[in-house]
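End of the sequence shown sits at 73 in the numbering used here; the numbers just go up one at a time, nothing left out. Ideal Cβ placement from N, Cα and C applies to all residues, glycine included. Have a look at the structure below, then the notes.
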Amino acid sequence: MRGNKLQLGNKIRDERKARDLTQTQLASLANVSLNFVSQLESGKLTVRLDKILAVLRVLGLEIKIQHKKGK
């Protein structure tokens with residue numbers, strides 16, 4: 003699970019930087035704390051889905067749920 007959180011955090015950080023946003027700006031736009039964004043990007047946080055969705059919405063990203071390969 004840690005790897006998945008880190009992959010999500012890396013994707014969020016990459017998209018934030020591609021949009022020339024600071025962590026502070028992203029936090030403000032998504033109405034979450036700076037600490038939340040920092041911990042989310044580093045994969046160190048167990049987070050609420052509504053907050054993740056708010057951050058993804060600002061970055062124009064979405065979560066897809068799909069079957070695992072081979073299942």
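Compare the C-beta of GLN27 against all C-beta atoms of chain B and say whether one is closer than 8 angstroms.
In the structure shown, chain B does not exist; there is a single protein chain.
Where does LEU10 sit, in a helix, a strand or coil, going by DSSP?
Reduced to three states, the DSSP call for LEU10 is helix.
Going by other Cβ atoms of all chains shown within 10 Å of its Cβ, with 16 needed for buried, is GLY11 buried or exposed?
Its Cβ being crowded by 16 or more others within 10 Å, GLY11 is buried.
For ILE65, does the three-state DSSP call read helix, strand or coil?
Of the three classes helix, strand and coil, the one that applies to ILE65 here is coil, per DSSP.
How about the region 13–20 and the region 31–38: do they share at least three Cβ pairs that are nearer than 8 angstroms?
As far as the Cβ criterion goes, the region 13–20 does not touch the region 31–38, which means the pair count is below three.
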